[in-house]
Amino acid sequence: MYSSIFLFFTVIFFSSSFVAESIVPSSKTFKFINQGDFGKDMVEYDAHYRALSLFNSPFQLCFYNKTPNAFTLALRMGLVGSQSIFRWVWNANRGNPVRENATLTFSTDGNLVLADADGQIAWQTGTANKGVVGLNLLSNGNTVLYDKHGKFIWRSFEHPSDTLLVGQSLRPNGPNRIISHSSDVDVSEGPYSLVLEKHRLNLYLKSNNLKKPLLYYTSDWFGTSQGRMTQVLFNTAPESEQAYAYELYIEPFFV
Numbered sequence: 001m002y003s004s005i006f007l008f009f010t011v012i013f014f015s016s017s018f019v020a021e022s023i024v025p026s027s028k029t030f031k032f033i034n035q036g037d038f039g040k041d042m043v044e045y046d047a048h049y050r051a052l053s054l055f056n057s058p059f060q061l062c063f064y065n066k067t068p069n070a071f072t073l074a075l076r077m078g079l080v081g082s083q084s085i086f087r088w089v090w091n092a093n094r095g096n097p098v099r100e101n102a103t104l105t106f107s108t109d110g111n112l113v114l115a116d117a118d119g120q121i122a123w124q125t126g127t128a129n130k131g132v133v134g135l136n137l138l139s140n141g142n143t144v145l146y147d148k149h150g151k152f153i154w155r156s157f158e159h160p161s162d163t164l165l166v167g168q169s170l171r172p173n174g175p176n177r178i179i180s181h182s183s184d185v186d187v188s189e190g191p192y193s194l195v196l197e198k199h200r201l202n203l204y205l206k207s208n209n210l211k212k213p214l215l216y217y218t219s220d221w222f223g224t225s226q227g228r229m230t231q232v233l234f235n236t237a238p239e240s241e242q243a244y245a246y247e248l249y250i251e252p253f254f255v
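Right, dumping it as structure tokens:
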């Protein structure tokens, strides 16, 4: 009898301790509402946007739209005052836009949720009660949710849209493709895709007139004799010792 009671309270104690340790501190939670004035910087597609206070130069999360009342939560890249156009390099709710007064909420349960004005969930990280204690936008553009040990529970790099950032990779058994936009005004998945397969990178064209995507380019310069690729990494290196300019390249890894 006493052993059963002791075991019961022990289970309750450890369960309560686990839940308490997994809660995001209130100081790290937030709720952004898609409302207010639009930004004035030049951005890709000549879009309207509202910048959020989640940034790590040159990256910043924003709500943007090209068509009225159809907003995408996206990451923009660019330097303020550089006179260059800010580029959209990642989309959260791709093909599922939200309206004015939509909300982006990071709650104590560790879930990052984009909800439309009526409360309908448009996108989420699916990390509720998984030990998340914080969110960070890293200097390479990777948005991460992490636990108390600093381990990443969720990463935007694992969910690419149409762009690879430096340090981001494709893997056959993970995120293995990036897909173009449908058009300048429609950010849903378009006809072109870059896909990592066992021995090479392939470019495909999808069309309603074709039964399956058309392979129109393959990266033979990797070579099948080198084995099976485990990942390709988008990387950068100085072109000279002065490092005034950098070379961008795709680095393959084989087994």
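Residue numbers are given in our numbering: position 125 of the sequence shown equals residue 125, and the series is strictly consecutive. By construction, the Cβ of each residue, glycine as well, lies at the ideal position given by its N, Cα and C atoms.
Legend entry - Contacts around Thr-29, its chain only, beta-carbon distance under 7 Å, and the 5 residues preceding and following it disregarded: The sequence position of residue 29 within the sequence shown is 29, counting from 1. Excluding positions up to five away in sequence, the list reads Phe-106, Ser-107 and Thr-108.
Legend entry - alpha helix (DSSP H) segments (min. 4 residues) lying fully within the region 168–219: Annotation: the region 168–219 contains no complete segment of the alpha helix (DSSP H) (minimum length 4 residues).
Legend entry - Pick from Ile-250, Glu-44, Ser-193 and Val-132 that is closest to Gln-168, judged by C-alpha positions: By 1-based counting over the sequence shown, the position of residue 168 is 168. Of the candidates Ile-250, Glu-44, Ser-193 and Val-132, the one whose C-alpha sits nearest the C-alpha of Gln-168 is Ile-250.
Inset, instruction - Could you spell out the range, first to last residue, of the beta strand (DSSP E) harbouring Lys-66? - result: Indexing the sequence shown from 1 puts residue 66 at position 66. Its beta strand (DSSP E) spans residues 59–67.
Inset, instruction - Reducing DSSP to helix, strand and coil, say where Glu-251 ends up. - result: In the sequence shown, the residue the question calls residue 251 occupies position 251. In the three-state reduction of the DSSP assignment, Glu-251 falls in the strand class.
Inset, instruction - Return the CA-CA distance between Leu-39 and Ala-47, expressed in angstroms with no decimal places. - result: Translated into positions along the sequence shown, residue 39 becomes position 39. Translated into positions along the sequence shown, residue 47 becomes position 47. The question names Leu, yet the displayed sequence has Gly at residue 39. Rounded to the nearest angstrom, the gap between the Cα atoms of Gly-39 and Ala-47 is 10 Å.
Legend entry - N-terminal and C-terminal residue of the beta strand (DSSP E) that Ser-53 is part of: Counting from 1 along the sequence shown, the entry for residue 53 is found at position 53. From DSSP, the beta strand (DSSP E) with Ser-53 extends over 48–56.
Legend entry - Straight-line gap, Ser-207 to Trp-90 (C-alpha atoms, nearest Å): Within the sequence shown, numbered from 1, the residue matching residue 207 stands at position 207. Within the sequence shown, numbered from 1, the residue matching residue 90 stands at position 90. So the two alpha carbons sit approximately 24 Å from each other.
Legend entry - Per DSSP, cross-strand counterpart(s) of Leu-73: Mapped onto the sequence shown, residue 73 falls at position 73. According to DSSP, which records beta bridges pairwise, Leu-73 is partnered with Phe-63.
Legend entry - Buried or exposed (CB count within 10 angstroms, at least 16 for buried), Arg-76: Stepping through the sequence shown from its first residue, residue 76 is reached at position 76. Classification of Arg-76: buried, given that the 10 Å Cβ count is 16 or more.
Legend entry - Same chain only: Cβ atoms within 8 Å of Ile-85, ignoring 5 sequence neighbours per side: Within the sequence shown, the letter at position 85 stands for residue 85. Cβ within range, chain order: Met-42, Val-43, Glu-44 and Gly-78.
Inset, instruction - Compare the beta carbon distance of Tyr-192 and Ser-182 with 8 Å and say whether it is the shorter of the two. - result: Residue 192 sits at position 192 when you count from the first residue of the sequence shown. Residue 182 sits at position 182 when you count from the first residue of the sequence shown. No, they are not a contact pair.
Legend entry - Environment of Ala-237 [buried if 16+ CB atoms lie within 10 Å]: In the sequence shown, the residue the question calls residue 237 occupies position 237. Per the 10 Å Cβ criterion, exposed.
Legend entry - Exposure of Phe-14, with buried meaning 16 or more beta-carbon neighbours within 10 Å: In the sequence shown, residue 14 corresponds to position 14, counting from 1. Caution applies to Phe-14, whose pLDDT of 42 falls short of 50 and renders its modelled position unreliable; the model cannot decide the point.
Legend entry - Identity of the residue in Asn-111, Phe-71 and Ser-26 nearest Val-185 by Cα: The sequence position of residue 185 within the sequence shown is 185, counting from 1. Checking every option, the nearest Cα to that of Val-185 belongs to Phe-71.
Inset, instruction - Compare the Cα-Cα distances from Pro-25 to each of Tyr-146, Phe-157 and Glu-158 and report the closest residue. - result: Position 25 of the sequence shown, counting from 1, holds the residue named residue 25. Looking at the Cα atoms, Tyr-146 is the closest of the given residues.
Legend entry - DSSP state of Ala-237 mapped onto helix, strand, coil: Stepping through the sequence shown from its first residue, residue 237 is reached at position 237. Annotated three-state conformation of Ala-237 is strand, per DSSP.
Inset, instruction - Identify the continuous beta strand (DSSP E) that holds Arg-94 and give its terminal residues. - result: Position 94 of the sequence shown, counted from the first residue, corresponds to residue 94. Run containing Arg-94: none; DSSP gives neither H nor E here.
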